[in-house]
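These notes concern the structure reproduced below.
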Amino acid sequence: MTKSAVDHLQGTVLSFFVKATDCGSAPKHSLVSAFIQVVPPDSFIPSFSQPQYSFTIPENTAVGTVLGSVYIGPGQTGFFTAVPGETTDSNQGATFQVEKETGLICLLKPLDYEEVSSFRFKVATTARKDLIETVSTVDLEVKILDVNDNKPVFETNTYVATVMEGMPSGTRVIQVRALDPDWGSNGQVTYSLGLLLTYNPDLTKDTLSLAGPVTTSSIFAIDSKTGWITTVAQMDHEACSSYSFEVVASDLAESQPLSSTTVVTISVLDVNDNPPRFEREFYRGAVKESDPLGEVVAVLRTKDLDGTDQNRLVSFYITGDHNKVKKCCVA
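Heads up: the sequence shown at position 189 corresponds to 366 in the working numbering, and the numbers run straight through without jumps.
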């Protein structure tokens, strides 16, 4: 703004710098040059048809699309230019172009809502009359609408976890998480269980009993909002020692939702929950009174359904006697 009359400066151009300083503990600043031309009072100064212009376009708008136009008043003539700022959202990279003669606003570069959600910059119009050049500017805003162009992405391609067999139904095992940079419902993620990829039961185990088809949802459940995976029933290491399955992350876009998958592998840890059982209900042996010490009288065999060698290691004792048989075996 002016502080005093400037009629005595008619025909001159005032040039100076404007300094902007922040209020940080170590203040930083930047400079911009300013030029003010003092023209006669009867000079022609162009004016725009409205105080500001605003356009709204989706982020997938094709390069070369015309958004609209800026106009100067009836009977006025001039040429138009975009006035870029020093940031991306002020059209620093010439994302938009203003056609010199017509004032048409044209898109020159692809848009990405996740990088810049709106642009604000000035458009100038310059007129020349009687060797005097005058300039006017107007604010222009371009709002970008988000498009569901990003699918949810899991933090890792595979998840690995363990759970102890015999834990109660509803035990939390592992949490999966996916992120979607889109805005609003386009970026909200919901989780669901996918295909059961690996299920290798040991059909030789006496404890295994299959009732109907085995699916991921018959073994595990997932919280659609948090991604926590829990057990549906008690795990049995002897029935199946590991499971691999897919988890699907989908966004909540109203039309054409996007999704991605990850693989979860859960190992069931063995617990010593099966006692060794003799193969026979009773054993009969015979020995001569003349046989030397250490003679084999009978061989007793057991079977332990636990899955690990440590839990299957069996020690034999003679009941009613504290003498421990020295020989141990792995059944």
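The beta-carbon is built from N, C-alpha and C at its ideal position, and this holds for glycine as well.
Bear in mind that the values here come from a model prediction, so they are computed numbers and not experimental data.
Roughly how many angstroms separate the alpha carbons of residue i and residue j, rounded to a whole number?
i: S444; j: P287; result: 47 Å
i: M473; j: Q487; result: Met is not the amino acid found at residue 473; the sequence shown has Val there. Distance between the alpha carbons of V473 and Q487 is about 27 Å.
i: R461; j: P469; result: 19 Å
i: A398; j: D323; result: 33 Å
i: S192; j: G361; result: 47 Å
i: R454; j: S492; result: 12 Å
i: L446; j: Q365; result: 35 Å
i: P329; j: S295; result: 24 Å
i: S386; j: S432; result: In this predicted model, S386 has a pLDDT of only 44, less than 50, meaning its place in the structure is not dependable; the value taken from the coordinates is given anyway. Distance between the alpha carbons of S386 and S432: 44 Å.
i: G188; j: F221; result: 14 Å
i: P345; j: M412; result: 8 Å
i: L435; j: L284; result: 27 Å
i: A211; j: A426; result: 53 Å
i: V312; j: D289; result: 32 Å
i: G250; j: V300; result: 15 Å
i: G343; j: V448; result: 8 Å
i: L356; j: N237; result: 21 Å
Among the options, which residue has its Cα nearest to the Cα of residue i?
i: D316; options: V247, F212, C283; result: V247
i: Q214; options: L446, S207, V183, K299; result: V183
i: T279; options: S210, V337, V409, T254; result: T254
i: V441; options: L490, S369, E466, V312; result: S369
i: T570; options: E332, S421, T392, Q352; result: For the chain, the structure presents residues 178 to 508; residue 570 sits outside this window and is missing.
i: V464; options: E291, R457, E458, V476; result: V476
i: G262; options: R297, D219, T479; result: R297
i: T314; options: S181, P345, Q229; result: Q229
i: F256; options: T335, D483, L281; result: L281
i: H206; options: G343, P217, V216, F194; result: F194
i: G245; options: D483, S419, T233; result: T233
i: Q352; options: K180, E332, F225, K277; result: E332
i: L308; options: G252, P358, P217; result: P217
Going along the chain, which residues of its own chain have a beta-carbon closer than 7 Å to the beta-carbon of residue i, five neighbours each way excluded?
i: P390; result: none
i: V350; result: A338, V340, I406, T407, T408, I443
i: P204; result: T198
Answer with buried or exposed for residue i, where buried requires no fewer than 16 other C-beta atoms within 10 angstroms of its C-beta.
i: T381; result: With a pLDDT of 48 at T381, under the threshold of 50, the modelled position of this residue cannot be trusted, and the question is left open.
i: R489; result: buried
i: T439; result: buried
i: G201; result: exposed
i: T302; result: buried
i: E318; result: exposed
i: S395; result: exposed
i: T410; result: According to the sequence displayed, residue 410 carries Ala and not Thr. Burial call: exposed.
i: G404; result: buried
i: F273; result: buried
In chain order, what residues of the same chain lie with their CB nearer than 8 Å to the CB of residue i, ignoring the 5 residues before and after it?
i: K402; result: T367, Y368
i: L372; result: T393, F422, E423
i: Q269; result: P261, G262, E263
i: A271; result: A259, P261, L285, K286
i: K306; result: S220, F221
Determine, using beta carbons only, whether residue i comes closer than 8 Å to chain C.
i: D199; result: This model lacks chain C altogether; it includes just one protein chain.
Ignore the nearest five residues each way along the sequence and tell me which others in residue i's own chain have a CB closer than 6 Å to its CB.
i: D266; result: V293, F296
i: V209; result: V195
i: S521; result: Given a span of 178 to 508 for the chain in the structure shown, any question on residue 521 remains unanswerable.
List in chain order: all unbroken beta strand (DSSP E) runs of 3+ residues lying wholly within the segment 199-276. 206-214, 229-235, 243-246, 256-260, 273-275
Tell me the start and end of each unbroken beta strand (DSSP E) in the segment 400-451 that is at least 3 residues and wholly inside, in chain order. 405-408, 419-428, 436-446
Extract the residue ranges of the beta strand (DSSP E) inside the segment 308-367, only unbroken runs of 3 or more that lie entirely within it. 309-322, 335-341, 349-352
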